[in-house]
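Visitor: Below you'll find the structure I mean.
Protein chains: 2
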Amino acid sequence: SLRTAPFFRMAADLVVQLSTSLKTKPDVVDFGTVFTDHMLTVEWNANDGWQTPLIRPFGDLSLHPACSALHYAVELFEGLKVYRGDDKRLRLFRPLLNMERMSKSAERACLPAFDQSELLGCIKRLIEIDQDWVPHLGPACLYIRPTFIGTEPSLGVKKPNRALLYVIMCQAGSYFNTELSLWADPKYTRAWKGGTGDCKMGGNYGGTLFAQLEAGSYGCQQVLWLYGEDHQITEGGTMNIFLHWINEDGDEELATPPLDGTILPGVTRQSILDLARKWDEFKVLERYLTMGQLCSALKQQRLKEMFGSGTACRVCHIGSILVFFQNLQLPNQDKHSLSSRIATELTDIQVSR
Amino acid sequence: SLRTAPFFRMAADLVVQLSTSLKTKPDVVDFGTVFTDHMLTVEWNANDGWQTPLIRPFGDLSLHPACSALHYAVELFEGLKVYRGDDKRLRLFRPLLNMERMSKSAERACLPAFDQSELLGCIKRLIEIDQDWVPHLGPACLYIRPTFIGTEPSLGVKKPNRALLYVIMCQAGSYFNTELSLWADPKYTRAWKGGTGDCKMGGNYGGTLFAQLEAGSYGCQQVLWLYGEDHQITEGGTMNIFLHWINEDGDEELATPPLDGTILPGVTRQSILDLARKWDEFKVLERYLTMGQLCSALKQQRLKEMFGSGTACRVCHIGSILVFFQNLQLPNQDKHSLSSRIATELTDIQVSR
């Protein structure tokens, strides 16, 4: 009802408290380590609904130690990027897809509904204020991290009566700068039917660190997540996975696993499918892909390329997979690889060439 | 190494900052809503290891907005209780089991190792300082919530270089005060093989709220979590599950699902198994239990009682299960029920009768 969950109205209510001392902007840094001068915070409580959105100097949050996010991971996030075009104008890449996914995550996490376009309006105002942080060079950009946490100040697993939506922005730097090596072991599962793998909830990530460290101990950079008895290929690290191959019927195909509840509906994933379908040069399919099918294709030289996609990494060529004590060497990337073509095309769109 | 993760030493280092204004202690309140006057905090960082443990006035935490716990649920907790015995002395119930489980959760979450007995020492000091909060009456007690969160102040899914271990304490009140009604639907899964269901990590809980609300919409209090094609009975809400029945071979049996990675190793669960095995009056088994087996037993009047167990709820009789549009009425609880006998015996141990 409007009484318990009025959508916040940005245009009318947004309050801005500018920082009195701006930070110096460092040169290229690691992803996610240097934040801009301001942040957006909007509080919600069950009695009064959404409170006045506030843009204020970047700084620590003050949270009750029983806060639902800290105990029960009632939390979710989004990731999107803003680019400075060749025409000097700033552009967000498909932000409505992020707002839509954020709404779905909020519903799944039992956090309150919010008005997507009003939140996007607040984010645009934040970007405007910190616009000098958006890099001027090439495909460099600023990474935007909307975060939504339950802040109920009492214990017990229950729907929170308080919540905080906040947005921080950081230098994107380079996420992965070389081709990726993956490690796969069916003893770890990232997501499962009836779970939350298709939402960007915090709980999907913390449980993956242990496997990621094991991948590292084998000299690999990320985990390739398998699923089920037939070892379906699902995601790689925090990326969606694509195969560019000649399929079992001899047709050229770009394939990625379908959104069956265990796969994160990536914005870059969707954009790649949209692009490739527009090209109409080969089959583009959302279908199950097993490790057995990949191995057969590799053996029969039907695999052209395997790559991952995500907002942070964009498009990332996969060079090898260590699985069942075998190190599978995948076809190399070159300028004719599909991932190179997609990366170039995405950049052209993002900087509006 | 000792350099990167020296265990903190409580006896030598603990610093106490007493609150200058103590709260009034309210009468019976809801579980987890009223906290004591002090809390324990211990910081860790990868360079210097564990810092000085601090007991300080209960209050908000100041956290970086990129904090790993808030984005990626790099977090875990424990729950244990302190009782005031008939002899007026305070007793923790099997706290080493909680310390042991907390260590395992920390390993799985990629949070640093800690010295279990030193942490327990710090917790005992905290209890001593807030000892007036431990109720004087019967089975009432104070609930202790150790919490351990990653506080890395940068984005990117990675092992945190900073962490905070803290302990808060609250009035326990009554968690469930009547017999429970459960709702089961295989479309939701709590935990799965290769996941984190056997650890007390935050991500196991936030994802369950949605199903809990759906249970509520059917007039039920908690979810009965099923697993797999054969609808195995795994947990109920945040409780372990027990069947007291005449099994398929005609033998009286107390049964609970085995610790196969999808089941939380509850301290109350273990204590019930220990007690029942000591009695040696009927079979005590950790075995798979399916919804089909439960329905058969119910139809053939072989079910004596179904109950849940947990630190918060202790032992809780289950009155009904709504499943596949059928409302299964389970045998009533009376003073001869196993759950009543176990509850009485546990209380006797906890208050040292």
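So the sequences go chain by chain: U and P.
In the numbering used here, each residue's number is its place in the first sequence (first place is 1) plus 21.
In the numbering used here, each residue's number is its place in the second sequence (first place is 1) plus 21.
Just so it is clear, CB atoms sit at the ideal spot from N, CA and C, and this is done for glycine as well.
#1: Under a CB-based cut-off of 8 Å, is residue 184 of chain U close to chain P?
#2: Around the Cβ of residue 37 of chain P, are there at least 16 other Cβ atoms within 10 angstroms (buried) or fewer (exposed)?
#3: Residue 166 of chain P touches chain U at which residues, Cβ-Cβ below 8 Å?
#4: Quick check on DSSP: helix, strand or coil for residue 36 of chain U?
#5: At a cut-off of 7 Å, is residue 298 of chain P close to the ligand ATP when judged by its beta-carbon and the heavy atoms of the ligand?
#6: Step through the CB atoms of chain P and report whether any lies within less than 8 Å of the CB of residue 260 of chain U.
#7: Please state the DSSP three-state secondary structure of residue 268 of chain P.
#8: Please decide whether residue 75 of chain P counts as near chain U, where near means a Cβ-Cβ distance under 8 Å.
#9: Using a beta-carbon distance below 8 Å, is residue 369 of chain U in contact with chain P?
#10: When burial is assigned at 16 or more other CB atoms within 10 Å of the CB, is residue 78 of chain U buried or exposed?
#11: Could you please give the first and the last residue of the uninterrupted beta strand (DSSP E) stretch that includes residue 190 of chain U?
#12: What does residue 228 of chain P touch in chain U if you count any residue whose Cβ is under 7 Å from its own?
#13: Over the uninterrupted alpha helix (DSSP H) stretch that includes residue 85 of chain U, give me the two end residues.
#14: For residue 280 of chain U, which of U/302, U/307 and U/169 has the nearest alpha-carbon?
#15: Can you name, in chain order, every residue of its own chain whose Cβ lies under 7 Å from the Cβ of residue 374 of chain U, other than the five neighbours on each side?
#16: Have a look at residue 276 of chain P and residue 126 of chain P and give me their C-alpha separation to the nearest angstrom.
#17: Is the region 227-239 of chain U close to the region 287-297 of chain U, with three or more CB pairs under 8 Å?
#18: Measure the alpha-carbon distance for residue 345 of chain U versus residue 204 of chain U and round it to whole angstroms.
#19: Can you confirm whether the region 51-63 of chain P touches the region 90-104 of chain P when touching is taken to mean that 3 or more C-beta pairs between the two stretches lie within less than 8 Å?
#20: List the residues of chain P that residue 187 of chain U touches, going by C-beta distances under 8 Å, in chain order.
#21: Kindly say whether residue 126 of chain P, judged by its beta-carbon, lies nearer than 8 Å to any beta-carbon of chain U.
#22: Can you pull the chain U residues whose beta carbon is under 8 Å from the beta carbon of residue 81 of chain P, in chain order?
#23: So which residues on chain P does residue 213 of chain U lean against when the C-beta distance must stay under 8 Å?
#24: When the Cα atoms are used, what is the spatial distance from residue 182 of chain P to residue 248 of chain P?
#25: Beta-carbon separation of residue 316 of chain P and residue 201 of chain P under 8 Å?
#26: List, in chain order, every chain P residue whose beta-carbon is nearer than 9 Å to that of residue 339 of chain U.
#27: Give me the Cα-Cα distance between residue 46 of chain U and residue 52 of chain U, rounded to the nearest whole angstrom.
#28: Indicate whether at least one CB of chain U lies closer than 8 Å to the CB of residue 305 of chain P.
#29: Quick one: any contact between the region 81-95 of chain P and the region 76-90 of chain U, if contact means 3 or more CB pairs under 8 Å?
#30: Need the endpoints of the beta strand (DSSP E) that residue 336 of chain U sits in, please.
#31: How would you call residue 320 of chain U, buried or exposed, if buried means at least 16 neighbouring beta carbons within 10 angstroms?
#32: Ordered along the chain, which non-local residues of its own chain (more than five positions away) have a Cβ less than 6 Å from that of residue 180 of chain U?
#33: Which of the three DSSP states, helix, strand or coil, is assigned to residue 257 of chain U?
#34: With a threshold of 16 other CB atoms inside 10 Å of the CB of residue 158 of chain P, please say whether the residue is buried or exposed.
#35: Report yes if the C-beta distance between residue 253 of chain P and residue 311 of chain P is below 8 Å; otherwise report no.
#36: Run down chain U in chain order and give the residues with a C-beta less than 7 Å from the C-beta of residue 54 of chain P.
Guide: Put simply:
#1: no
#2: exposed
#3: 87, 92 and 176
#4: strand
#5: The ligand content of the structure shown is nil, which means the ligand ATP is not present either.
#6: no
#7: coil
#8: no
#9: no
#10: exposed
#11: 183-192
#12: 216, 217, 222 and 224
#13: Unbroken run through residue 85 of chain U: none, as it is neither H nor E.
#14: U/307
#15: 107
#16: 25 Å
#17: no
#18: 9 Å
#19: no
#20: 86
#21: no
#22: 83, 84, 85 and 86
#23: 210, 213 and 216
#24: 36 Å
#25: no
#26: Simply none; closest approach about 18 Å.
#27: 14 Å
#28: no
#29: yes
#30: 335-344
#31: exposed
#32: 131
#33: strand
#34: exposed
#35: yes
#36: 175
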